[in-house]
Every structure is written in C-alpha cells, then in structure tokens.
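Q:
Protein chains: 2
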Amino acid sequence: MTDVARAAGVSQSTVSRVFSLPDTVRADTRDRVLEAARRLEFTPNPAASALAQGRTGTLGLLVPNVVNPYYAEIIKVVQHRARAKGHTLVLADTGDEPEDGFALARAVGRQTDGLLLAGPRMTDAMVGELARSGPVALIGAEAPGADSVYAEPATGMRQVIRHLAALGHSRIVYVDGTLTARDPACRQPVHDACAEFGVDLVEQLGPFDLTFDNGVAAADLVPTSGATAVIAHNEMVAHGVACGLARQGRSVPGDFSLVSVDDTFMARTIYPALTVLHVPLDLMGARGVDLLLHRIEDPDGAIRHSPLPTSLVVRESTGRPGSVSGDV
Amino acid sequence: MTDVARAAGVSQSTVSRVFSLPDTVRADTRDRVLEAARRLEFTPNPAASALAQGRTGTLGLLVPNVVNPYYAEIIKVVQHRARAKGHTLVLADTGDEPEDGFALARAVGRQTDGLLLAGPRMTDAMVGELARSGPVALIGAEAPGADSVYAEPATGMRQVIRHLAALGHSRIVYVDGTLTARDPACRQPVHDACAEFGVDLVEQLGPFDLTFDNGVAAADLVPTSGATAVIAHNEMVAHGVACGLARQGRSVPGDFSLVSVDDTFMARTIYPALTVLHVPLDLMGARGVDLLLHRIEDPDGAIRHSPLPTSLVVRESTGRPGSVSGDV
DNA sequence: GACCACCCTGCATACGCATGCAGGCATGCG
DNA sequence: CGCATGCCTGCATGCGTATGCAGGGTGGTC
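Protein sequence lines correspond, in order, to chains Y and E.
Going by numbering that gives the first Met the number 0, the first sequence opens with residue 0, and the numbers climb by one from there.
Going by numbering that gives the first Met the number 0, the second sequence opens with residue 0, and the numbers climb by one from there.
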C-alpha cells in the first residue's frame, strides 16, 4: 500500500481511504490511486484490515449435516446473501453432537463477525452462552437468547391435514423425530388440525433423526396402522417412506398418500413428485443473514424472532384413499 | 495477551509462544500462562495472528453448486479434513459461469492460504492464472498448471459396460453433458469398452448440464433408441431418467437397466437402488486438502496429479433386458 | 572449579491497514 | 477584500501477535 501511495504521489492513508471509504477522496485522486494499484497489482490485505478494524467481514455458518439437502439449500442461499452484502462465508459441519457443535461454534465465532446456527442441536443454555459472546442468529430454530427465523408450522400443517381430509383420508401416520426439538413444535398443530377435521392420528415419533433409513423403517409399520396417508417431517424420511412402500409393492398415491415438509429439490426428483408443505428456505437463509448483520451493527438491539409462513404445494403423491387391505 | 502476561508474571512473547509454539516453553511456565488465560477468558486473535504470520489458517473451497449432492459430499469431507488439519473452511458457490467462478476465486484466494476448486467451470488458462497467484488444487478435474485429484474412469467404465453386456444388453444409451468437460474424458473409455464387448452405443450428449430435468428429457428418447440400458453420468440425471421412465410407465430394471456414476446418497434414496460406478468422493476430498496443504508448505514442488480408482457397485437398477417393444 | 552448551525468556520490532486529528486550500459570504 | 466554512489530504499512532536476537540461568563436562 505504501508503494501504491508512492506511485500515485499520495500518502498511505489516502490509499487506504480509496479502498475503504472511497467517497472521502476526491475523484481524480481516487482514479490516480486506483490506476497505480492496478499497475502494481495491489489488493488490500484482509488480515491487516481485519486487525485494524476489529472486523473480519466474515460470517460463520454451522449446520448439522452439509449433505442433507435442507441444509445444503440453506448454505447456498446464505452464501449468496452474505456475499451480496460484502461478507465471506465460513462453513462448519457440526454433526449431531451438541458438545461438538458448541465447541465448533466457539472456535468459528472467534474468527468471524457473527454466527449463523442452522438447526442447531444445542441446548438453550449453549445458544445463550454463544449469543453472549458474540452476534448469533438461528435459522430454522428458536431460542430465547438469540435472533431467529423459522417456519411457522401451525397454519401450514392445518392446510396439510385439511387437504388429506378433503381427499377422504380419515387416519394418518405422522413421522417425526426428536432431534429437531428446537424447531418450533409442529405436533400440537397437527393434533389440533386432526381433531378439527375428524382425522385419526398415528404418531410415529422416535429419538431417531429424520434419515432415509428411518423412513424405510417407518414404512414397514404403515400398512398395519390402518392409515391411508403418511406425513413425513422432511424429504429424507419421505424418500425413505416412499422407497419402503415401493419395496413392499405398494403404490403412491394409489395405496397410500404421502406428504413431506420442506420442499427441497428432492421433492421433485422422485416419482411421484411429492406433495409438500413448502418452507421458504430461501427467505429463511436470507433473513438469517439480515438478522445477523443487523445484530452486528446493533449488538444491544431487541431480540427479533421471525416466523415465516409455509404453504401447501400439491403435487402427485396425494390422492383419494385406495382400497387398502390393512394386512395384519 | 498483555494482560495474561501480566497475570502470569511473564512477558507477552512468552504468552504468544504458549499458544503458537507450546514446546518451546517450560511446562510449569506454560501451565501458569494457560491458567491465567483461562481465568481471563483469553483467546488469541486470529486476525492479528494472520497478519503477523502471513497465514490465515483458512482454506477456500469453490463449488459450482452446493445443493448438488456430489459437491455437498465433497464439501463435507473437505471441511472435516481441513479442520482436522487445523484449518478453517471458507465456502463459495460459483454457479456455472466461468467468469463468476474466476472472480470469486480471486477474491477468496486473497483471504485464504489456498484454494480448492471442485469441478471448476474455468478454462485451463484461468486455473493457471490462479495457480500462479497462490496455492491451488483441483478436485474432480484436471488442468496442467495445478495439483489435482480425480476419478480414473477408464477401468470403471469398462466394468460397467462389461456388467451390462454380461446381463445381455447389446445396445446402450449414454447420457453426458459437456459442462463437465474438465473431468478427464469418460467417453473414449466407453467407446472402447463397447467395442470390446460388442455393444452398440447411443450417445446422448449435449451442451446441457447434468441436471434432473435433462435426465427426464433424456428418458423420453430412450424407448425409441432401441437400447435396453442407460448410463447416466451422475445421480441427478439418473434420477431424472428414472422419473422420466416411471412417468412413461416403464419399469427399472424390468424394461430398462440404469447405471449411474458417483454414488452419492441419492443412489440409495430411490427405488430401485441404483447400480453405480462408485467414485471415492471421501478420498477425493481428503486428498484434495492434503495436496493443497502440501503445496502451501512447498510452493515450488512438482505438480502432482492423483487419479483415484473407481469401482462398480451393483444394486437393483440393472438386470437382464426385458421385452422392450421399442415403440416408434 | 571453570567453562561450554543449551534451554528458556524478555526485548524490540514488524506485519499492513484504519482512523482521529490537524493543517492547507478553495469557495462563499458579508 | 477579509474571514468563515468545508472539503481533502497527510501525519502519527494503534490494532494483537510472531519472531530474531540476546541475555540469564542451568546442567554437564573435563
């Protein structure tokens, strides 16, 4: 930078200003500096800038599993939004262990301006602890101590149940896991809606995660449940259920209707395309970034929670109940 | 750090050494410093460290599309490997535009110790340019100017063809796109193997990318081709082909056999599970990181190319050819 | 008992940029 | 024409660590 200054016949501080506060430098001076910089192939050193400013221009994103399309789509949106706002993204895959996630979060938080936690497997206490030591925003989860954006499930789930009820389904299996406990409860709304529309609910909950294999396992129990429709809490399980049913020789939506939640690309890479409760992942990601940047600007502002509306997208996996034998 | 030094009764430089070169400090001194650091909740400032060392402890990873499971799996492995080696991962999603990717690469390269390019859509010249301005390693691609790790396709593709030929298929459709041109050519080996085993080859190549939708489109052309088996160059297209065929009322592997390449989790989240040419993505990712770290250590070392063996994994999507009408 | 070698620690400075402050200049107003 | 008001720019210093160098101390050796 000193070299550029010399080449342009100005001081180092002017060069610095050209790059960080262009408006404070007269146009012709600026051009002269930029020209010199171009000639010398100079680019500001981010590390030095970070040290001097106390800001890295970097955001951290923690996800439990990069490969899960739900998180993959969030990563994609977050990355683009962050970059659009002039920030770089540091990514970390935490796995399912709360302790690991917490430790990683501390480490990543240290070298970024703020932390985005997508579907964290942590306790409220851990999240609070992190939020106290730096800007934090939650995506697809909620906790008292930090900003958050997540899907508001009640209305959407009611739509799902109504859709199924209208098709003539009177008994439904609902597959959910407990590892998503931080996600605002979907279950109560499901209960309520079932009561409202006179639908019997069979819950298939477990301490399991919402994986493909658990979906296959769940599918094995469906035929004996007497239900004619299945709601899976994300596309991984939904695919598992679909494969499980196919393997049994059952057809969707002929024998069973299937509804998923999230609406990642996987909802359409299967035949029949899945009817889903669409969750606006793009908005969630973008909103998460905005919340975090806002918190970075104003560390002491009031905490904001941002529930986003979901919507029912009817595709091919739901239809009128067929003649299910309900084999023992 | 100065505070910690005072609290521990040592100098700032000793504290620095405790964190960066622990072995050069006597054990009891070290303990005293660590204790003081713990008490004051001190953690070294990465930005300052980066400035002083000229190293950020950060690697950049560029992928064309985060959501594609192929890249998602690479991201996951790379992230873990990098972290295991004491580095943090900066992620960037480039999209398909070479220019964008190049610009992003320059930007990310500036703030990291090295760059990992997974399936880059850039020209050799661009890659060379990047490699000249900093450590670079390619994953799943090859270019003269940079270290690289990629799948060696010839042997594997031959196995695939042999497998299909052995099942009795004598005419095969091969779906590939040109956007993966940087991937070491698979086509010649396919041609050769087909010749070797007396199989007719119908190529369905295009300037298109290997997306789900293009797979569906390809499926429409399959029945009229007279072929009884399809090879799709990745799981996205394979899913598209599978869905397209299902939509036509054709069954896999009853009417058509289907083989995919890569073996991401998607190969098994479909029924029937896909027979695939397995590409060791985990090894590729880890190797990529190792190559890059090596290059960072030794910027002038000889360039290394690392082809990895692939292997045929037979699942459910291939079988003996059925009675295909070949409807006009 | 003297000397040498080595280990550990402190001192001083560099890393590259940002920014508060003050001074120089031009413009506008009275 | 003199002075006030801004606009630009340069000066000096700070950001938090790392590290070459030198000095003090220790143990070992002859």
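Cβ coordinates follow ideal geometry from the N, Cα and C atoms, glycine included.
Taking three-plus beta-carbon pairs below 8 Å as touching, is the segment 253 to 266 of chain Y in contact with the segment 287 to 302 of chain Y?
A: With the cut-off at 8 Å, the segment 253 to 266 of chain Y and the segment 287 to 302 of chain Y do not touch.
Q: Please state the DSSP three-state secondary structure of Y:T269.
A: Translated into the one-based positions of the first sequence, residue 269 of chain Y becomes position 270. Sequence inspection shows Ile at residue 269 of chain Y; the Thr mentioned does not correspond to that position. Three-state DSSP puts Y:I269 in coil, outside helix and strand.
Q: Identify the contact partners of Y:V89 in chain E, using a Cβ-Cβ distance below 9 Å as the criterion.
A: On the first sequence, position 90 is the one that residue 89 of chain Y refers to. The answer, in chain order, is T57, T87, L88, V89 and L90.
Q: What residue ranges within the segment 62 to 118 of chain E form continuous alpha helix (DSSP H) runs of no fewer than 4 residues, ordered along the chain?
A: Entirely contained in the segment 62 to 118 of chain E, the alpha helix (DSSP H) runs reaching 4 residues are, in chain order, 68 to 83 and 97 to 109.
Q: Alpha carbon to alpha carbon, how far is E:V251 from E:D326? Give it in angstroms, no decimals.
A: To locate residue 326 of chain E, count along the second sequence from 1; it is residue 327. To locate residue 251 of chain E, count along the second sequence from 1; it is residue 252. Legend: pLDDT at E:D326 = 45, less than 50; position of this residue unreliable, value from coordinates given subsequently. Between E:D326 and E:V251, the C-alpha separation is close to 17 Å.
Q: Between Y:A47 and chain E, is any beta-carbon pair separated by less than 8 Å?
A: Numbered from its first residue, the first sequence carries residue 47 of chain Y at position 48. Taking Cβ atoms only, chain E reaches closer than 8 Å to Y:A47, which makes this a yes.
Q: For a quick check, are the C-beta atoms of E:H86 and E:T42 less than 8 Å apart?
A: As a working note, residue 86 of chain E is residue 87 in the second sequence. As a working note, residue 42 of chain E is residue 43 in the second sequence. Not in contact: E:H86 and E:T42 (Cβ atoms no closer than 8 Å).
Q: Using the Cα positions of E:D92 and E:R31, report the straight-line distance between them to the nearest angstrom.
A: Stepping through the second sequence from its first residue, residue 92 of chain E is reached at position 93. Stepping through the second sequence from its first residue, residue 31 of chain E is reached at position 32. Cα to Cα, E:D92 sits roughly 45 Å from E:R31.
Q: If you drop the 5 nearest sequence neighbours on each side, which residues of the same chain put their C-beta closer than 7 Å to that of Y:R80?
A: Translated into the one-based positions of the first sequence, residue 80 of chain Y becomes position 81. Correct list, in chain order: G284, A285 and V288.
Q: Below 8 Å between beta carbons: does that hold for E:V107 and E:V89?
A: Residue numbering aside, residue 107 of chain E sits at position 108 when the second sequence is read from its first letter. Residue numbering aside, residue 89 of chain E sits at position 90 when the second sequence is read from its first letter. Their beta carbons are under 8 Å apart, which means E:V107 touches E:V89 by this criterion.
Q: To the nearest angstrom, how far is it from the Cα of Y:A49 to the Cα of Y:T55?
A: Position 50 of the first sequence, counted from the first residue, corresponds to residue 49 of chain Y. Position 56 of the first sequence, counted from the first residue, corresponds to residue 55 of chain Y. Near 5 Å, if we compare the C-alpha coordinates of Y:T55 and Y:A49.
Q: Look at the alpha carbon of E:P74 and the alpha carbon of Y:P63, and state the distance between them as a whole number of angstroms.
A: Numbered from its first residue, the second sequence carries residue 74 of chain E at position 75. Numbered from its first residue, the first sequence carries residue 63 of chain Y at position 64. Before going further, note that residue 74 of chain E is Ile rather than Pro in the sequence given. Cα to Cα, E:I74 sits roughly 13 Å from Y:P63.
Q: Leaving aside the five residues before and after E:L116 along the sequence, list all residues of the same chain whose C-beta is less than 6 Å from its C-beta, in chain order.
A: As a position in the second sequence, residue 116 of chain E is number 117, starting the count at 1. Excluding positions up to five away in sequence, the list reads L61 and L137.
Q: Just checking: is the beta-carbon of Y:I74 within a distance shorter than 8 Å of some beta-carbon in chain E?
A: Taking the first residue of the first sequence as position 1, residue 74 of chain Y is located at position 75. Yes - at least one Cβ of chain E is within 8 Å of the one on Y:I74.
Q: Assuming Y:V126 and Y:A145 are in contact, meaning their beta carbons sit under 8 Å apart, how far apart are those beta carbons, in whole angstroms?
A: Here residue 126 of chain Y refers to the residue found at position 127 of the first sequence. Here residue 145 of chain Y refers to the residue found at position 146 of the first sequence. About 6 Å separates the two Cβ atoms, so the contact holds.
Q: By DSSP, does E:T55 sit in helix, in strand, or in coil?
A: Counting from 1 along the second sequence, the entry for residue 55 of chain E is found at position 56. Coil at E:T55, not helix or strand.
Q: In its own chain, which residues sit with a C-beta less than 6 Å from the C-beta of E:V275, not counting the 5 before and 5 after it?
A: For this step, residue 275 of chain E is matched to residue 276 along the second sequence. S259, D262, A266 and V312, listed in sequence order.
Q: From Y:E151, Y:H304, Y:V159 and Y:M0, pick the residue whose C-alpha is nearest to that of Y:E40; which is it?
A: Numbered from its first residue, the first sequence carries residue 40 of chain Y at position 41. Residue Y:M0 is the option with its Cα nearest to Y:E40.
Q: Count the CB pairs spanning the segment 119 to 134 of chain E and the segment 151 to 170 of chain E that are closer than 8 Å, and state whether there are at least three.
A: Judged by Cβ distances under 8 Å, the segment 119 to 134 of chain E makes no contact with the segment 151 to 170 of chain E, as fewer than three pairs qualify.
Q: Measuring only the C-alpha atoms, how far is Y:D212 from Y:G239?
A: Counting from one through the first sequence, the residue named residue 212 of chain Y turns up at place 213. Counting from one through the first sequence, the residue named residue 239 of chain Y turns up at place 240. Computed Cα separation, rounded: 6 Å.
Q: Run through chain Y and tell me which residues come within less than 7 Å of E:F101, C-beta to C-beta.
A: Your numbering for residue 101 of chain E matches position 102 in the second sequence. Within 7 Å Cβ-Cβ: nothing; E:F101 doesn't reach chain Y, min ~15 Å.
Q: Restricting to Cα atoms, I'd like to know which of Y:A150, Y:D191, Y:R319 and Y:C242 is closest to Y:L307.
A: Here residue 307 of chain Y refers to the residue found at position 308 of the first sequence. Measuring from the Cα of Y:L307, the nearest candidate turns out to be Y:A150.
Q: Taking only beta-carbon positions, decide if Y:H232 is within less than 8 Å of chain E.
A: Numbered from 1 along the first sequence, position 233 holds the residue referred to as residue 232 of chain Y. Taking Cβ atoms only, chain E never reaches closer than 8 Å to Y:H232, which makes this a no.
Q: For the segment 243 to 269 of chain E, which residues have a CB atom closer than 9 Å to at least one CB atom of chain Y, in sequence order?
A: So the close ones are G243, L244, A245, R246, T263, F264, M265, R267, T268 and I269.
Q: For the candidate residues Y:L290, Y:R38 and Y:P68, whose alpha-carbon lies nearest to that of Y:D2?
A: For the purposes of this step, residue 2 of chain Y is identified with residue 3 of the first sequence, where counting begins at 1. For the residues Y:L290, Y:R38 and Y:P68, the minimum Cα distance to Y:D2 belongs to Y:R38.
Q: Since E:P134 contacts E:L114 with CB under 8 Å, what's their CB separation in whole angstroms?
A: Within the second sequence, residue 134 of chain E is the residue found at index 135, counting from 1. Within the second sequence, residue 114 of chain E is the residue found at index 115, counting from 1. Confirmed, Cβ separation roughly 7 Å.
Q: Does the beta carbon of E:F211 come closer than 8 Å to any beta carbon on chain Y?
A: Locating residue 211 of chain E in the second sequence gives position 212, counting from the first residue. It does; some Cβ of chain Y falls within 8 Å.
Q: Is Y:P222 helix, strand or coil when you go by DSSP?
A: Your numbering for residue 222 of chain Y matches position 223 in the first sequence. In this structure, Y:P222 counts as helix in the three-state DSSP scheme.
Q: Just how far apart, CA to CA, sit Y:N328 and Y:G243?
A: Residue coverage of chain Y in this structure runs from 0 to 327, which leaves residue 328 of chain Y outside it and unanswerable.
Q: Listing by chain order, which chain E residues have their CB less than 8 Å from the CB of Y:H79?
A: The residue given as residue 79 of chain Y occupies position 80 in the first sequence. Under the 8 Å cutoff, chain E gives D92.
Q: Check whether the Cβ of E:V65 lies closer than 8 Å to any Cβ atom in chain Y.
A: By 1-based counting over the second sequence, the position of residue 65 of chain E is 66. By this cut-off, E:V65 is an interface position.
Q: Chain E partners of Y:A71, CB-CB under 7 Å?
A: Numbered from 1 along the first sequence, position 72 holds the residue referred to as residue 71 of chain Y. Ordered by position in chain E, the residues that pass the 7 Å Cβ test against Y:A71 are V65, V66 and A71.
Q: Can you pull the chain E neighbours of Y:T42, defined as C-beta to C-beta under 8 Å?
A: Residue numbering aside, residue 42 of chain Y sits at position 43 when the first sequence is read from its first letter. Chain E residues near Y:T42: R109.
Q: Quick one: what's got a C-beta closer than 6 Å to Y:H190's C-beta in the same chain, skipping five residues either side?
A: Residue numbering aside, residue 190 of chain Y sits at position 191 when the first sequence is read from its first letter. Hits under 6 Å: none found.
Q: If distances are taken between C-alpha atoms only, which option among E:T268, E:G139 and E:D299 comes closest to E:T309?
A: If you number the second sequence from 1, residue 309 of chain E lands on position 310. Comparing Cα-Cα distances from E:T309 to each of E:T268, E:G139 and E:D299, the minimum goes to E:G139.
Q: Could you have a look at Y:V229 and say whether DSSP puts it in helix, strand or coil?
A: The residue labelled residue 229 of chain Y in the question sits at position 230 within the first sequence. Y:V229 falls in the strand class under three-state DSSP.
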